[in-house]
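Just below is one structure, and these are the notes that go with it.
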Amino acid sequence: MSVWAPLLTMLDASAVARAMRGSTWLYPTVEVVHIVGFSVLVGSVAMFDLRVLGFGRAVAVPAAGRMLLPWSALSLCAIVPAGLLLFSAHPYELSANRVFQLKLCLIALAGLNALGFHLGVYRTAANWQAGAPALARLQAVVSLGLWIGVIGCGRFLAYS
Amino acid sequence: MVKALNLHLYFIEYNIHPGGCMKRLLTLMALCVAAQASAHHGWSEYDDQRPLRLSGTIEESGYENPHGFVRLKTADKTWLVVLAPPSRMESRGLARAQLAKGATAVVEGFPKRSDAGELRAERITIGQKTTELR
């Protein structure tokens, strides 16, 4: 943690952090942006994962991916800046918080899982008429579990 | 029952076939909700069986998000007293200026289980004015 200490000090003292702490409505407004963002992210990811698992076969997997996944990517433009702003308000407390650390680990794992899926098994998705292969289904289940875990950690931050 | 029927019709309309997998998923979700509901009352990190009333002087205060706070110097030690979000304090008439350094305050609340120096205040009295914080 000591490597990060100067950065955390700088962030904690920044004008942005002071505004986040001090302004009555900024913090809750940024929370709303964060929540709307991850609703779109986890919503679209979950719908896609469920399609990979075999639900809603009326839409082919690649078509579902083309429709849903751009929203997942776009939602990050709201979630990440809002998350950084929320973090800036209390960088010491959060970075030392076990639930927050777990949340970041789960996000990293979800990212790696998605990366592995897209570089790997998803390249054959055009041929999944008979159903997705076992690896794809496994990655879809892992994705669902990780994102639910991320939301759980985010909520439990308020109680830890 | 009506809800289940609607869900069923939805599945038919959109050609979704809930098999054993879907049933297991729904069961799992129901269990998670039940587990969270039962865990909720045991979750509180503040001990509501041990209400405390502290009086002292404000050494430092923060009219901050997500929760305001004061460091309250009492006869035996200085407590970190967690207050409410500034928006709530503002709407209940507890202005930033009232949490001035050196002011005398009385707080009632619950101590944190894991930190003997922290209290979550249910209400704070400054001068003659008591503000409910929950």
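If you read the sequences in order, they're chains A and B.
According to our numbering, the stretch in the first sequence is residues 1 to 160, in order.
According to our numbering, the stretch in the second sequence is residues 161 to 294, in order.
Where a beta carbon is used, it is the ideal one built from N, C-alpha and C, also for glycine.
Query, Result
"Cβ contact check for the segment 244-259 of chain B and the segment 19-32 of chain A: 3 or more pairs under 8 Å", "yes"
"Below-8 Å beta-carbon distance, P246 (chain B) vs any chain A residue", "yes"
"Any chain B beta carbon closer than 8 Å to P70 (chain A)", "no"
"The segment 81-100 of chain A / the segment 44-57 of chain A touching (three or more Cβ pairs under 8 Å)", "no"
"Proximal chain A residues relative to P226 (chain B), where beta-carbon distance stays under 7 Å", "Y27"
"N- and C-terminal bounds of the beta strand (DSSP E) containing G216 (chain B)", "L212 to G222"
"Own chain residues within Cβ distance below 8 Å of R98 (chain A), not counting five before or after", "S160"
"Contact under 8 Å by Cβ, N225 (chain B) with M10 (chain A)", "no"
"From A:R137, A:F38 and A:S72, residue whose alpha carbon lies closest to that of W154 (chain A)", "The sequence given here places Gly at residue 154 (chain A); Trp does not occur at that position. Closest by alpha carbon: A:F38."
"Run of the beta strand (DSSP E) containing L53 (chain A), from where it starts to where it stops", "That residue, L53 (chain A), is in no beta strand (DSSP E); it is neither H nor E in DSSP."
"Interface residues of chain B facing A89 (chain A) [CB-CB closer than 7 Å]", "N225"
"Cα-Cα separation, E93 (chain A) to S274 (chain B)", "15 Å"
"Residue-level contact to chain B via CB, G120 (chain A), 8 Å cutoff", "no"
"Sequence-distant residues of its chain with Cβ nearer than 8 Å to S14 (chain A) (five each side left out)", "S88"
"Segment limits, alpha helix (DSSP H) that includes A265 (chain B)", "It is not in any alpha helix (DSSP H) - A265 (chain B) instead sits in the beta strand (DSSP E) that spans T264 to P271."
"Test: Y92 (chain A) CB closer than 8 Å to a CB of chain B", "no"
"Proximal residues to T124 (chain A) (C-beta, below 8 Å), its chain only, five neighbours per side dropped", "P133"
"C-alpha distance - A130 (chain A) paired with L146 (chain A), whole-angstrom precision", "27 Å"
"CB contact below 8 Å: T24 (chain A) versus chain B", "yes"
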